[in-house]
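*Asks:* Residue numbering for the sequence shown follows this note's numbering, beginning at 29 and increasing consecutively.
Using N, Cα and C, we set each Cβ at its ideal position, and we do this for glycine too.
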Amino acid sequence: MPNIQIVTDSCAHFATPHFLHQYPMVTVVPNKINVAGKSYREGVDLSPEDGLRLLAAQPYAPIVHSPTAAEFSEVYGRLSRHCDGIISIHASREIYSSYSNGMTAARPFAG
């Protein structure tokens, strides 16, 4: 059976908190959230609970940045050394730059 890895960004949320531990073939590349002049990696520097508390205390909406092509490229490169293929799943390209950044990063790995 082929070893397929799945990559997504932190727009993806899973049904259980232990999902990523149960399915190690899924890698989440964190979005960056800018709030009150500070930048946080979603799910790394900021838990969902802490993020909600922080956002509730702010008068302005946060700015969310998708992972860059370089960040996706690093993940694709690391995973491609140990798998047969990568499926990268993202929000609509019409509303979010994660799709285009993932496509840009994937070009050198296309077989």
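1) In the DSSP assignment, what residue or residues form a beta bridge with residue 36?
2) Can you tell me whether residue 72 is helix, strand or coil according to DSSP?
3) With a threshold of 8 Å, are at least 3 pairs of Cβ atoms found where one atom belongs to the segment 69–82 and the other to the segment 109–123?
4) When you compare the CB positions of residue 97 and residue 129, do they come within less than 8 Å of one another, or not?
5) Expressed to the nearest angstrom, what Euclidean distance is found between the alpha-carbon atoms of residue 127 and residue 134?
6) On the criterion of 16 or more Cβ atoms from any shown chain inside 10 Å, does residue 51 qualify as buried, or is it exposed?
*Replies:* This is what the structure holds:
1) 56 and 117
2) coil
3) no
4) yes
5) 10 Å
6) exposed
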